[in-house]
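Taking it in order: structure first as structure tokens, then the write-up.
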Amino acid sequence: MELSDRYSPKEVEGRLYKWWSDKGYFAAQDQSTKPPYSVILPPPNVTGQLHIGHALNHSMQDLLIRWKRMSGFNALWMPGTDHAGIATQGVVERELAKEKLTRRELGREKFLERVWGWKKQYGDRIIEQMKYLGDSCDWDRFVFTLDEGVSLAVRRVFVQLYKKGLIYKGTKLINWSPKLESALSDLEVEYKEIKGSLYHIRYPTEDGKGEVTVATTRPETMLGDVAVAVHPQDERYKALIGKKVRIPLTTRSIPVIADEYVDKEFGSGVVKITPAHDFNDYTIGIRHKLPMITILNRDGTLNENGLAYKGLKVQEARKRVLDDLRAQNFIVKEDPHTHSVGHDSRTGVVAEPMLSEQWFVKMETLAGPAKAVVENGTVSFEPEAWAKTYLHWLNNIQDWCISRQLWWGHRIPAWYCEGCKHINVAETAPVKCEKCNSANLKQEDDVLDTWFSSALWPFSTMGWPEETETLKTFYPTDVLVTGHDIIFFWVARMIMLGLEFRGDVPFRKVLITGLIRDAEGRKMSKSLGNALDPVELIEEFGADSVRFTLLAQVAAGKDLKFSVPRLEGYRNFMNKIWNAARFSLSVLSDFSPPATGVRTLAKIENLSDADSWIIYKLAECERQVDELLGAARFSEAANVLYDFVWHKFCDWYLELIKPVLYGDKQTERVTTQLVLAQTLNRIVRLLHPFVPFITEEIYQKLPIKGEACIVDAYPNPKSDRDWLALGAKEKAQELDLVIEVIAAIRNIRGENRIKPGDDLVVRLSPVEASAQKVLQANKAYIMKLSKLSKCDIDVAGSLSKCALTPVSIHGHKVDVIVYLEGIVDLGEERKRIEKAIEKFQKDMTSLDARLKNDNFVKNAPEDVVVQGRAQLVELSTKIKSLQDSLIRLN
RNA sequence: AGGGGCUUAGCUCAGUUGGUAGAGCGCUACCCUUACAAGGUAGAUGUCGUGGGUUCGAAUCCCCCAGCCCCUACCA
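Numbering-wise (my numbering), the first sequence opens with residue 3 and increments by one.
What follows is the structure in structure tokens.
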């Protein structure tokens, strides 16, 4: 016995992964006669750890890659990692904090050395974890976003977009993180509902004779007010338009302006305008050419415009301002008010709208073609609904703020001339200013948004801007597998830049995965403590079990609840596969494949019904798997395989062939051994992309095999035609009858509580000659699998004290009759038969009603009607048989 | 506010051309039958969220309502 009685993944997985890797099986060829197939791995963050979402995403990609590789494609899975600007810098800054240091104290260069050191030491832990999962990436091509090649691509893209006028530097109101002290893109701001108050504040008119009441949630920003606005048609305030009011707590007076933006119904109908700290106010400010007063510093404290509140953080300033307003009786009222407030999605602090000079990408020009390719189907989303989300975003797109006041990342390739202030944008550091020739140049301190380099990933990883063979062969890629949370961040931007710089889409199809939730449906997160660590799960259950659990449950774009009991179920499936293989190999120990090879197999004669049946079922299975994988319906493919392996191959085929294998008819035995060996070989190959380790391990011990499962052919109805042709439908259907008969006997046994050990005497009463022949031919199977001491096949005979079950399938009809006298209390059997009659009668009533409906007969497809009629006849004969037997039980 | 999704067996979920509902787990009974007790055999369980419409026929298509979730935008 070559295999141990339980599959232990631990011992197998590491060894096989290394072997595959050493053999170079993961490598794709830049030039090949095989058709190309490529997938880009969404580069995980270097700070990252494999989480269950990765495990799902990667299982899907690896399934595709392995399937295509086995199907004769030159399959490339392009791996890499992302420097993840903010996240990584944050990790190292926290380390520094433990040493009571800040990055500024260390200085840019020293700090970056630390980050690189960290990256080298811990950075690619996730890569190791990907290998645990079995990811078959082409590791020789591995790329890091800060590698020189990719960095050159980043600079090239930046310079070209700048020259085209698609990148510009400008002062705008942007989202600012006081914690990071950096700009954020709109997408990095997360809005959360906050319970706050709406403060109604008196603003006295300049002449001191009147006042208006302004409603605001942010009283501290009044220090940056430059106007108050009312609706032009608001009768209450019409007279005030053009007059001035004084900002409480200050000596400044500001004009009352009219703008249709103001909602008369909300609050007091008067809005304070703070253009430097609010997006709506900003647009109003521009419309009315108002000054803009910034009251905050980079770190979110108030600056000198904050007057007495200078140096305070926003929250503290708000409290103090309110105290003073209350003390001086400026507060009219305070209403509770819930509103959503933007937060820095990275650090969780409140993001402040700030007026700031930053670099932007102009999106409108790039968005047009990116919309077109999705509208015309060049790029498709699965599920399709996401295309709508994508298009909606592109239709309302804002310019992309790409500069970050961080150090870890691609430094913006712009050099400021200290002499003439000209901005030199170039791929490499210029020696002198292109305008005034001054050598006094200083590079931009800011780095690019991490997503900028990600946007180029599909071609930058392939060697662009060189026109490499890799690019020629593998761009555009075939499928992108990713979560819906980064459709805007990443998918849209890759499409835009792919079209701009390659003139072609980066991928043809976007497979959107759902989120993985816990058993209660909550998001998995560290803070909730409900996150399952896939690495731990792999250690406990094996990578294959984890992969199969995910793949068997993933429905396009739908969230997936992950539970350990389910995982245990699929771990059991792995064990089932293992034991089926173990059994097969033991009965194949004296088998050697025919010297003539596989090609001549079509000449096998005298296949048993069981052999013919399993080949036929295999053909059905291969056809479905082929279709389902092609349609990216992974879970359905997984379930087809599960059902075939467990409930066809193990439950029936292996049981049916035991008499032959243990028997002494050598010719039959050899034939069955051959079919078993071939079927097992195909099962292993079919399963391989789902569960690579266990299948390779078994494969290497098969009597019929090639070099390695990972590079053997994937069975499909076309490639496997010769073999599958051996499975005859008629034979398979005959065996289906045998299975039904066995099931019927077992049912009688079970329902009548007859011990499994007790032998039974059975008479099979076939209705027509064909069934008679089938039963006769397969009598041995029936006797063995339903444990009979005697089995007559005869139309005539007594029904006295007998259990009866009518069986009919594929047109064959048989009454299964079990002698019960002296074995059981007949009451049980009476109940069983009454129950069966009742059920059949119920079916018959509804079927009969349908068939009596003229409209049904007229409108339904003919085959449905014919089928219905046949079924009706069948039901009535079944009922009659049962009634007869009921009478004879007494 | 707009958009999308979900609601099917006790639990978690499948169910893509509308033909009368499935899986896994759990549960019950019996069984250590020499591949597998992480197993085998048999069994129980569903007015497919509510109401209406289209149809001969609806879990499936359309509308209403309810509950839950997500996204985008706005919120003085």
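No residue lacks a Cβ here, since even glycine has one placed at the ideal position from N, Cα and C.
If I'm right that residue i touches residue j with Cβ under 8 Å, what's the distance once you round it to whole angstroms?
i: LEU309; j: LEU225; result: 6 Å
i: ALA730; j: TYR618; result: 7 Å
i: ARG510; j: ASP480; result: 6 Å
i: ALA798; j: GLU831; result: ALA798 to GLU831, Cβ: 22 Å. No contact.
i: ILE88; j: ARG413; result: With 8 Å as the limit, ILE88 and ARG413 do not qualify as a contact, their Cβ atoms being about 15 Å apart.
i: ARG687; j: ASP653; result: That pair is no contact at about 21 Å.
i: THR147; j: HIS60; result: Rounded, the Cβ-Cβ distance is 19 Å, inconsistent with contact.
i: HIS202; j: SER270; result: 6 Å
i: VAL232; j: ILE243; result: 7 Å
Which term fits residue i, buried or exposed, when burial requires 16 or more other beta carbons within 10 angstroms of its beta carbon?
i: THR90; result: buried
i: ALA545; result: buried
i: VAL664; result: First, the amino acid is wrong: residue 664 is Tyr here, not Val. So TYR664 ends up on the exposed side.
i: ALA582; result: buried
i: GLY379; result: exposed
i: TYR193; result: exposed
i: ALA604; result: Unreliable positioning characterises ALA604 in this predicted model, as indicated by a pLDDT of 48, which lies under 50. A coordinate reading is not provided.
i: GLY26; result: exposed
i: SER440; result: exposed
i: THR602; result: Summary for THR602: the model assigns pLDDT 49, below 50, so the residue's position carries little reliability, and this model does not support an answer.
i: LYS882; result: exposed
i: SER920; result: Because the chain in this structure spans residues 3 to 892, residue 920 falls outside the shown range and cannot be described.
i: LEU877; result: buried
i: LYS12; result: exposed
i: ASP7; result: exposed
i: ALA773; result: buried
i: TYR205; result: buried
i: PRO758; result: exposed
i: LYS165; result: exposed
i: GLU222; result: buried
i: PRO863; result: exposed
Would residue i and residue j be called neighbours here (beta carbons separated by less than 8 Å)?
i: LEU587; j: LYS703; result: yes
i: THR475; j: PRO38; result: yes
i: TRP79; j: LEU43; result: yes
i: ILE295; j: ASN307; result: yes
i: VAL191; j: ASP301; result: no
i: TRP466; j: ARG495; result: no
i: LEU298; j: LEU304; result: yes
i: PRO691; j: TRP21; result: no
i: TYR9; j: TRP580; result: yes
i: LYS274; j: THR218; result: yes
i: TRP388; j: ILE514; result: yes
i: GLN407; j: ALA185; result: yes
i: VAL449; j: TRP410; result: yes
i: PRO705; j: PRO595; result: yes
i: THR340; j: ILE196; result: yes
i: ILE518; j: GLN360; result: no
i: GLU208; j: LYS245; result: yes
i: ILE819; j: GLN885; result: no
i: VAL859; j: VAL868; result: no
For residue i, report the span of its beta strand (DSSP E) as first-last.
i: PRO38; result: 38-42
i: LEU513; result: 509-515
i: MET356; result: 354-363
i: ILE819; result: 814-821
i: ARG765; result: 762-768
i: THR484; result: 479-485
i: ASP24; result: No beta strand (DSSP E) holds ASP24; the alpha helix (DSSP H) holding it covers 11-25.
Could you pull the start and end residues of the alpha helix (DSSP H) that residue i belongs to?
i: ASN426; result: From DSSP, ASN426 is part of no alpha helix (DSSP H) but of the beta strand (DSSP E) over 425-427.
i: GLU732; result: 731-753
i: LEU849; result: 828-854
i: ASN892; result: From DSSP, ASN892 is part of no alpha helix (DSSP H); its letter is neither H nor E.
i: LEU676; result: 668-689
i: THR90; result: 87-100
**Asked** Which runs of the beta strand (DSSP E) spanning at least 3 residues fall entirely within the segment 192-256, listed in chain order?
**Response** Unbroken beta strand (DSSP E) stretches of 3 residues or longer found wholly inside the segment 192-256: 213-218, 229-232, 246-248, given in chain order.
**Asked** At what residue ranges does the segment 272-347 contain a whole run of the beta strand (DSSP E), taking only runs of 3 or more?
**Response** Taking only runs of at least 3 residues, the beta strand (DSSP E) segments lying wholly in the segment 272-347 are 272-275, 333-346.
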